[in-house]
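One structure is given here, and the rest of the page talks about it.
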Amino acid sequence: MQKVKLPLTLDPVRTAQKRLDYQGIYTPDQVERVAESVVSVDSDVECSMSFAIDNQRLAVLNGDAKVTVTLECQRCGKPFTHQVYTTYCF
């Protein structure tokens, strides 16, 4: 599958009404808050997002994200790589 850059901003209500799905990446330069928390961001953030309207007519965002980062061990101070995977629902 081709890596496509995802938009930085979305209108959740309009996107949910269209029931759109997005799959793509965010570059390490675009994830500043993640970069502040780790030693380095080693890969692109691979994301998938699905928008829908629930039974209460609210816009719902479901998705997941995966990225490889370098963290610093708090015990010995040496860096190590870790793959972070998370799912979310808003």
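Under UniProt numbering, the letters of the sequence shown match residues 1 to 90, in that order.
A virtual CB, placed ideally from N, CA and C, is assigned to each residue, including glycine.
Values in this document were obtained by computation on a predicted structure and should not be read as measured data.
Cα-Cα separation between residue i and residue j, rounded to whole angstroms
i: I25; j: C73; result: 27 Å
i: S48; j: K78; result: 32 Å
i: D44; j: Q17; result: 29 Å
First through last residue of the beta strand (DSSP E) which encompasses residue i
i: P79; result: P79 to C89
i: V67; result: A59 to E72
Residue of the options minimising C-alpha distance to residue i
i: V34; options: K66, F90 and R19; result: K66
i: Y88; options: V39, D11, G63 and V45; result: G63
Where the alpha helix (DSSP H) through residue i begins and ends
i: Q23; result: Taken as a continuous stretch (DSSP letters only), Q23 belongs to no alpha helix (DSSP H), being part of the beta strand (DSSP E) at D21 to Y26.
i: R14; result: P12 to Q17
Buried or exposed (CB count within 10 angstroms, at least 16 for buried), residue i
i: F90; result: exposed
Within the stretch 29–55, ranges of the alpha helix (DSSP H) (whole runs, at least 4 residues): 32–37
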